[in-house]
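Protein chains in written order, with this note's numbering: chain A, 1 to 601; chain B, 602 to 1202.
Positions of the beta carbon are idealized from the N, C-alpha and C atoms, including for glycine.
Scroll down for the structure; my scribbles are underneath it.
There are 2 protein chains.
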Amino acid sequence: MTRYTSIEHLKFLLQDVHDFNEVVALPHFSHVKWEEAWMMIESAKQLADRDMAPYFREMDEKPAHYEGNGVVRTHPQLKTIIQQAAENGWIGGAAKFEFGGMQLPMMLFNAAHHIFVAANNGCQGYFSLSAGAAALITSFGSKEQVETFVPKIFAGQWQGTMALTEPQAGSSLTDITTSATSIKDGFYKIKGQKIFISGGQHEACDNFVHLTLARIEGAPPGVKGISLFIVPKFFPEKNGNLTPNDVFCAGDFQKMGQRGYCTTHLVFGDNGNCKGWLVGEPHKGLSCMFQMMNEARIGVGLGAASVAMAAYQASLQYAKERPQGRLASEKDPLKSPTLIINHADVQRMLLTQKAIAEGSISLAMECSKLSDLVQATEGEAKQKHWLLLELLTPIMKTYPSEQGSRSAALAIQTLGGYGYTTDFTVQQHYRDLKIMSLYEGTTGIQSLDLLGRKVVMEKGRALLILSESITETIKQASAFDSLKVYANELSEELIRIDQVLKHLIQFAKQGDIDRYLSDATVFMEQMSYVVIGWQWLKQAVAASQKLRKEDLQSQTRTFYESKIHTMKFFFRYELPHAAACAKVLMSEEFLTNSKDALVFD
Amino acid sequence: MTRYTSIEHLKFLLQDVHDFNEVVALPHFSHVKWEEAWMMIESAKQLADRDMAPYFREMDEKPAHYEGNGVVRTHPQLKTIIQQAAENGWIGGAAKFEFGGMQLPMMLFNAAHHIFVAANNGCQGYFSLSAGAAALITSFGSKEQVETFVPKIFAGQWQGTMALTEPQAGSSLTDITTSATSIKDGFYKIKGQKIFISGGQHEACDNFVHLTLARIEGAPPGVKGISLFIVPKFFPEKNGNLTPNDVFCAGDFQKMGQRGYCTTHLVFGDNGNCKGWLVGEPHKGLSCMFQMMNEARIGVGLGAASVAMAAYQASLQYAKERPQGRLASEKDPLKSPTLIINHADVQRMLLTQKAIAEGSISLAMECSKLSDLVQATEGEAKQKHWLLLELLTPIMKTYPSEQGSRSAALAIQTLGGYGYTTDFTVQQHYRDLKIMSLYEGTTGIQSLDLLGRKVVMEKGRALLILSESITETIKQASAFDSLKVYANELSEELIRIDQVLKHLIQFAKQGDIDRYLSDATVFMEQMSYVVIGWQWLKQAVAASQKLRKEDLQSQTRTFYESKIHTMKFFFRYELPHAAACAKVLMSEEFLTNSKDALVFD
C-alpha cells in the first residue's frame, strides 16, 4: 500500500508543536492521557489501512450514483467503514459524556480524521458529517431530540446531513425559500428543494437526519428569518416505530472527483406531508447552523490538507524509486540515471507540497486546540480563544483548499506523464481536491467572511490576538541564532498586513464597502502566507528545541532538521508572494467595479 | 452552443496587434490576402461549430479505449473531423506548394487551430499531429519518402505520430534503447517499445506513420546516437500495395482528461520483422525531431491557451446569466439578487482568466509570426527572428500550460458547486488542461531549456533581441499618456530579469551548473510574467491607436477599452508576482541540493 500520511509528523505536531498535554491538563479533558490518546491514533491508522485506504481507487472508479426511485448506489464497503468508524468512537467521540460521547479533545479527533481523509477522502465525509450533525443537535436541540437522534447517529446506523443549498440561492442563504408551516408542538410541514446534499441518501445507513434550513411562514426576510429543522427520512415515533416521511432523493450530481461521496438532490413535501422538527428558537437557525459550518469549515480545510498530504506521499514514493536523467553536471550518458528525487526541480516540487500539506495540518491542529480551549475554559480566556478561532477558521478552510490544488498538481508533475494516467492515484487526488474550495462556502465567501467580519469584529480584537500569538512565536524563534532571520521576516510581514488594512479601511470609513471588500480574496492569500509562515516558524522552534539535546539518534535528528529545512523553504519560496499580494491590495486603481462588467467579451 | 472563443479577439490580434499584412507582404506569402485569410478563419469557425464542438463532451464521456487485439475504439465522429480538417487545408495548408500545400502563414494556420482546440481539444490533436509529422518528412525526408507518405497524411487518410518516449527513459531521451539494425538501402529492422504515443492507433485512419527515434547498432551513446525513422503500420510498396509491418498497439493509457485523444503503447519488432525507413542522416535524429517538437511545443501552448479560453467563455456566459447574492452595499434582502458578474470577486476571476487566455493567444500569434518570418526571410533578419523564436518557444509552451490550469480552476470557481459537476464543461476543461504541462516536455524540461540553453545561446543574443523588442513596445506605449505608468513598470521588470541573471550566472561561471539551473522553473515563471506583460502592453498600444479615431461605434470602442482594462488588470494583479520570483531567485540559500534528499519523509 502506498503511504498516505506521516504519522511521525502528526506526533510531532501533537506533542512538540501544539502541546496536547496543555489541553488534557484542563479538567474537562483530564480523563484523557497522552499514551492512550496516541494508541487511539495508531489504532485509527490501522483502521484506515485495513478498511478505508484499499477502497480509495475503487470508490472513484465505481462512483456513487442515483439509480432512480430514490435509490443511490454506494460502494459495498461503505457500511463497514461507517460501522467501524462508529465503533471506534470517530463519530461520537468528541461529544460530552452526557450525550454518550467520550469527551475527546478535537486535537485528537481531528488527528484521526486527518488519517481517514488521507486514506480515502471519498468515505470520511459520511461519518464526519454525521459527527457534525449530532454536535448541532446536542448544542441546540431539546433533550427529546437528542435522545431520539443522537445515539443512532453515533452508532453509525443513521446518517446526519446538512441541507442548506437551494438551486436558486447557491451561496446566498438570504434567498432560501424552503417553507415551514406550523402543525403543533414544534412540528412543521416542510416544502422545498435542496441540492448538493452530501450523503443525502445511500445504502449504508437505515435513516437520514437532514438538518434543514427553512423559512417559517411570516418570518422576516433575509437571514434573520431562517429556522433550523430536523427532517428525517423516517420519522421515529415515541413507540420506536419509523414512519416514512415525505422527503425523497430525486437525483444526484456526478462530479469530477470525490466520486465515492454521493451528492444528492432532495425534495421535501412533494406530497404535502413532510414533517420537520424545529431545533432551537424560530428564526435563529442560521446562527445554530454556523456552529456546524464552522466545524465543517475546519474539517474541509483539514480534508484538503490531508488529500494534499496523500498526493505528496504518493509522489515522494515515486521520486524515491524512479531513476531518470542525470544532474546537469553529469555529462556522461553511460552513467546510470539518477533517482529523480536528486533533481533540484523535483525537490522543489516535493518541498512545495510538504510545506503546503504539513503547514496546513499544523494550522488544523492549532484550530483544533483552540476549539478545545474554547470548550474547556471560561471567561476572558475562553473569549480570547474563541476570537482567534473565528479569525483563523476562514483561513483554515481556504489556504489548504487553494494551495492544496496547486500541491496536487505538483504531485502529478513529479510523476510526469504517468501522473496524468489512471494507473496512478495522484490524478484522483487532484480531482478530489478541487471540491474543497467550493463546499462549505467558496473561497470568495470565506474571504468576505475574513475581511468583512472577522478582521473588524470587536474593533479588530481577533486580529490583535493573532498578532500577539505570532509575535510570541517570533520571540521564541529569536532565541535561536539560526532562526532569527526568519523571525524578522515574519515580523515584516505582520507590519505589511497592518499597512494593507490601514489602506483598505479608508474605503470602509468612506462608506465604500464594495471597494473595501473587492479584493478580499487577495487579502485572504496574503494573510494565509503569514499564518502558514507562523505555523512553520512554530514547527522550527519546536524542532530546534529538540535538536538542543545531544543524544538524539541520527534518524530523529534528520527528522527535526527536515522541519527546519521545510520552514526555510516556505520562507524562501512561498512567503515572498505575500508582498506581491500587498502590492495588489495597495493599488490605487479599482478595476473590478460592477460598472466595468462591460469589459468582458 | 456555448461560445468557446472570441473571434473578434483573434481578428484584433491578427490585424491590429501582430500585423498579418506584414507577413503576407513578403514574396513567400504574397499569394495570401487578408480578406481571403479571414474568410478561411470564418469557415474554420463554421467547421468547428458544426463538426467538432458538438462532440466535445461526448468524446470525454465515451473515451477512446483499447479493446484488445490492437484495436483502439474512438468516437465515430473522428473520421468526419479528420476528413473535414484535411479537405479544408488544416493538415497540409502550411506546407509549401512544392509539397502539395497551400503555403499558408503559421499565423493563419494557428489561428484556425486555436479555434479547433477551443471547440474540442480531444480531436484537434489527431490532425495537428499529422501536420507536424508531415512537416518533418518534408523538411528532412527524401523525395521518395515525401511522395510516399505526405499526400496520404495531408488527405487525412493516414495518421502521423511522434514516437519518442520509452517506459524507462521518460523525459530523458539520452536513455532511449529502441534499436535499429541496417537491412539495406536506408531500411532498418526496428525493435523496442514506445509509450504515451498520441493517436498511435485508432479507427479513423487507414494507416499510421510513426516517426520513431531509435539507436542504430554501434551508434555513439547519448543523444548523439539517436536516429529518426519512419515506421508505418502498413508499409507502402512501390506498386501501391500495403504490407503489414511488425508494429502493433499493445494497450493504451486511460487519462484524467483529454479522453477523446487516445494515448497508446506501441511495440516494434516483437516478431523480429519491423521495418523502418531512415529519415535524414544517421545519428542526427534528435535535431530533426526538434523541428517537430518546437512546432508541437508552440501548438501545446496554444492548445492550453485555447482550452483556457473555452473555460473562460463558459464561465463568462454563466456569470452573465446567473443571478445570485447582492453587493455588500445592498442590505435589503427583498431586493432581487444581482447577476454574479457584478460581484467584484467574480470580475477578478473573469479578468484573471481573460488576461491569461488572451495574453497567451497573443504570444502564440507572436511566435507564429516569427515562424513565418523565419520561413520567408533570409540572412541576418532570419537569424534574428529564429533566435527570438527559440527563446520564446519554451515560454509559449509553459505559461499557458501552468497558468491555464489556474485559469480553468477559476472557471470552475465562477460556477461554484455547479462547476464541479459533470453537468457543466468547465470541469472537463480543467481536467483536459492538466496534460499540457506534461507532454512535449514537462515544465521542468522547458525551464531547463530556457535557462540552460536559450538564455545563454550566442552569448545571450536571443535575450538581447527579446529585450529590444520589449523596449520597442515600451517606447510605443510611452507615446500614450495613459500607458506610460505601465510602460515604466515593464521597464523595471526587464531590469529585474537582468539582475537575476547576473546573480545566477555567477554559479555557472564558478562551474556550479547544478545550482545555476536549480530554480530554472522559478526563472521561467518570472520571465513569463514579463513576456505576457509585454503582450498585454502591445495589445494596449494597438487598442489605444484604434481609440484615437473618433468615429468608432460604441460597441467597438468598448471592445478596445476592454483590452486596455485587461492590460491594467494584468499589470496590477499578476505582474507583482514577477518581483516575488526574483526574490526567490536572488536568495543566498540553496535548499534543493541533491544532498538534501534526506529531508523528505
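Taking only beta carbons into account, state which residues of the segment 203–230 of chain A come closer than 9 Å to chain B, listed in chain order. Of all residues in the segment 203–230 of chain A, those with a C-beta nearer than 9 Å to a C-beta of chain B are 220, 221, 222, 223, 224, 225, reading in chain order.
Following the continuous alpha helix (DSSP H) through residue 4(A), name the residue where it begins and the one where it ends. For this step, residue 4(A) is matched to residue 4 along the first sequence. Unbroken run through residue 4(A): none, as it is neither H nor E.
Going by CA-CA distance only, name the one from 1189(B), 1187(B), 1172(B), 1188(B) that's closest to residue 580(A). Numbered from 1 along the first sequence, position 580 holds the residue referred to as residue 580(A). Nearest of 1189(B), 1187(B), 1172(B), 1188(B) to residue 580(A), Cα basis: 1172(B).
Whole angstroms is fine: what's the gap from residue 642(B)'s alpha carbon to residue 162(A)'s? On the second sequence, position 41 is the one that residue 642(B) refers to. On the first sequence, position 162 is the one that residue 162(A) refers to. In a straight line, the C-alpha of residue 642(B) is about 51 Å away from that of residue 162(A).
Distance check for residue 233(A) and residue 209(A), CA to CA, integer angstroms please. Within the first sequence, residue 209(A) is the residue found at index 209, counting from 1. Within the first sequence, residue 233(A) is the residue found at index 233, counting from 1. So the alpha carbons of these two residues sit roughly 7 Å apart.
Along the chain, where does the alpha helix (DSSP H) containing residue 292(A) start, and where does it finish? Mapped onto the first sequence, residue 292(A) falls at position 292. Note, residue 292(A): alpha helix (DSSP H), 285–321.
Measuring alpha carbon to alpha carbon, tell me which of 71(A), 11(A), 411(A), 505(A) ends up nearest residue 346(A). Here residue 346(A) refers to the residue found at position 346 when the first sequence is read from its first residue. Ranking 71(A), 11(A), 411(A), 505(A) by Cα distance to residue 346(A) puts 411(A) first.
List, from N- to C-terminal side, the alpha helix (DSSP H) runs of 4 residues or more that fit wholly inside the segment 465–549 of chain A. 484–509, 513–518, 520–548
Express the C-alpha separation of residue 397(A) and residue 770(B) in angstroms, rounding to a whole number. Stepping through the second sequence from its first residue, residue 770(B) is reached at position 169. Stepping through the first sequence from its first residue, residue 397(A) is reached at position 397. If you take the alpha carbons of residue 770(B) and residue 397(A), they lie about 40 Å apart.
Against chain D, which members of the segment 910–929 of chain B pass a CB distance test of less than 7 Å? Of the protein chains in this structure, namely A and B, none is chain D.
Rounded to the nearest angstrom, what separates residue 912(B) and residue 862(B) at their Cα positions? Counting from 1 along the second sequence, the entry for residue 912(B) is found at position 311. Counting from 1 along the second sequence, the entry for residue 862(B) is found at position 261. C-alpha separation (whole angstroms): 19 Å.
Is residue 576(A) buried or exposed, if buried means 16 or more other CB atoms sit within 10 Å of its CB? As a first step, residue 576(A) must be located in the first sequence, where it is residue number 576. Classification for residue 576(A): buried.
Rounded to the nearest angstrom, how far is the Cβ of residue 199(A) from that of residue 159(A), given a contact under 8 Å? Along the first sequence, one-based indexing puts residue 199(A) at 199. Along the first sequence, one-based indexing puts residue 159(A) at 159. Rounded, the Cβ-Cβ distance is 5 Å, consistent with contact.
Can you list, in chain order, the stretches of the beta strand (DSSP E) that have 3 or more residues and sit fully within the segment 719–778 of chain B? 759–764
Residue 889(B) and residue 741(B) - do their beta-carbons sit closer together than 7 Å? Working through the second sequence from its first residue, we reach residue 741(B) at position 140. Working through the second sequence from its first residue, we reach residue 889(B) at position 288. Yes; because the gap between Cβ atoms is below 7 Å, this pair is in contact.
Counting only beta-carbon atoms, is residue 943(B) nearer than 7 Å to chain A? Locating residue 943(B) in the second sequence gives position 342, where the first residue counts as 1. So yes, residue 943(B) belongs to the interface.
For residue 555(A), does the three-state DSSP call read helix, strand or coil? Taking the first residue of the first sequence as position 1, residue 555(A) is located at position 555. In the structure shown, residue 555(A) sits in a helix (DSSP, three-state: H, G or I).
Residues in its own chain within less than 7 Å of residue 879(B) by CB, not counting five upstream and five downstream? Counted from its first residue, the second sequence places residue 879(B) at position 278. Cβ within range, chain order: 787, 789, 828, 830.
Sort 1140(B), 1122(B), 898(B), 1114(B) by Cα distance to residue 959(B) and report the nearest one. Along the second sequence, read from residue 1 onward, the residue named residue 959(B) stands at position 358. Nearest Cα to residue 959(B) within the set 1140(B), 1122(B), 898(B), 1114(B): 1140(B).
By a C-beta neighbour count over all protein chains shown, 10 Å radius and 16 as the cutoff for buried, is residue 285(A) buried or exposed? For the purposes of this step, residue 285(A) is taken as residue 285 along the first sequence, with counting starting at 1. With 16 or more Cβ atoms within 10 Å of its Cβ, residue 285(A) is classed as buried.
Taking C-alpha atoms, which residue in 1066(B), 1019(B), 995(B) lies nearest to residue 1039(B)? Here residue 1039(B) is taken as the residue at index 438 of the second sequence, counted from 1. Considering only alpha carbons, the answer is 995(B).
From what residue to what residue does the alpha helix (DSSP H) around residue 385(A) run? Here residue 385(A) refers to the residue found at position 385 of the first sequence. 379–415 is the span of the alpha helix (DSSP H), which, as asked, contains residue 385(A).
I'd like to know if residue 11(A) contacts chain B, where contact means its C-beta is closer than 7 Å to some C-beta of that chain. Walking along the first sequence from the start, residue 11(A) turns up at place 11. Taking Cβ atoms only, chain B never reaches closer than 7 Å to residue 11(A), which makes this a no.
Comparing C-alpha positions only, which one of 1186(B), 1098(B), 1083(B) sits nearest to residue 1149(B)? For this step, residue 1149(B) is matched to residue 548 along the second sequence. Comparing Cα positions, the closest option is 1083(B).
Would you say residue 667(B) reaches chain A, if we count a Cβ-Cβ gap shorter than 7 Å as a contact? As a working note, residue 667(B) is residue 66 in the second sequence. So no, residue 667(B) is outside the interface.
Between which residues of its own chain and residue 847(B) is the CB-CB distance below 6 Å, once the five residues before and five after are set aside? Within the second sequence, numbered from 1, the residue matching residue 847(B) stands at position 246. Within the same chain, residue 847(B) has close Cβ partners 870, 872, 874, 875.
Hey, out of 115(A), 20(A), 21(A), whose CA is closest to residue 4(A)'s CA? Mapped onto the first sequence, residue 4(A) falls at position 4. Nearest of 115(A), 20(A), 21(A) to residue 4(A), Cα basis: 115(A).
For residue 18(A), which of 48(A), 108(A), 375(A), 78(A) has the nearest alpha-carbon? In the first sequence, the residue the question calls residue 18(A) occupies position 18. Ranking the options by Cα distance to residue 18(A), first place goes to 108(A).
For residue 348(A) and chain B, any beta-carbon pair shorter than 7 Å? For the purposes of this step, residue 348(A) is taken as the residue at position 348 of the first sequence. It does: the Cβ of residue 348(A) has a partner Cβ on chain B nearer than 7 Å.
How is the alpha helix (DSSP H) around residue 34(A) delimited, first residue to last? For the purposes of this step, residue 34(A) is taken as the residue at position 34 of the first sequence. 34–47 is the span of the alpha helix (DSSP H), which, as asked, contains residue 34(A).
The ligand NAP heavy atoms versus the CB of residue 355(A): any closer than 6 Å? Looking for the ligand NAP in the displayed structure turns up nothing, as the structure carries no ligands at all.
Under the DSSP definition of a beta bridge, which residues are partnered with residue 198(A)? In the first sequence, counting from the first residue as 1, residue 198(A) sits at position 198. In the DSSP output, where bridge partners are listed per residue, residue 198(A) has 263(A).
Compile a chain-ordered list of the residues in the segment 429–452 of chain A whose CB is closer than 8 Å to at least one CB of chain B. Of all residues in the segment 429–452 of chain A, 430, 431, 434, 435, 437, 438, 439, 442, 443, 444, 447, 448, 452 have a Cβ within less than 8 Å of some Cβ in chain B.
Go to residue 371(A), then tell me how far its alpha helix (DSSP H) extends in each direction, as first and last residue. Here residue 371(A) refers to the residue found at position 371 when the first sequence is read from its first residue. Its alpha helix (DSSP H) spans residues 344–376.
Enumerate, from N- to C-terminal direction, the unbroken alpha helix (DSSP H) stretches of 4 or more residues contained entirely within the segment 47–88 of chain A. 56–61, 77–87
Buried or exposed: where does residue 982(B) fall if 16 or more other Cβ atoms within 10 Å of its Cβ makes it buried? Within the second sequence, residue 982(B) is the residue found at index 381, counting from 1. Around the beta carbon of residue 982(B), fewer than 16 other beta carbons lie within 10 angstroms, which makes this residue exposed.
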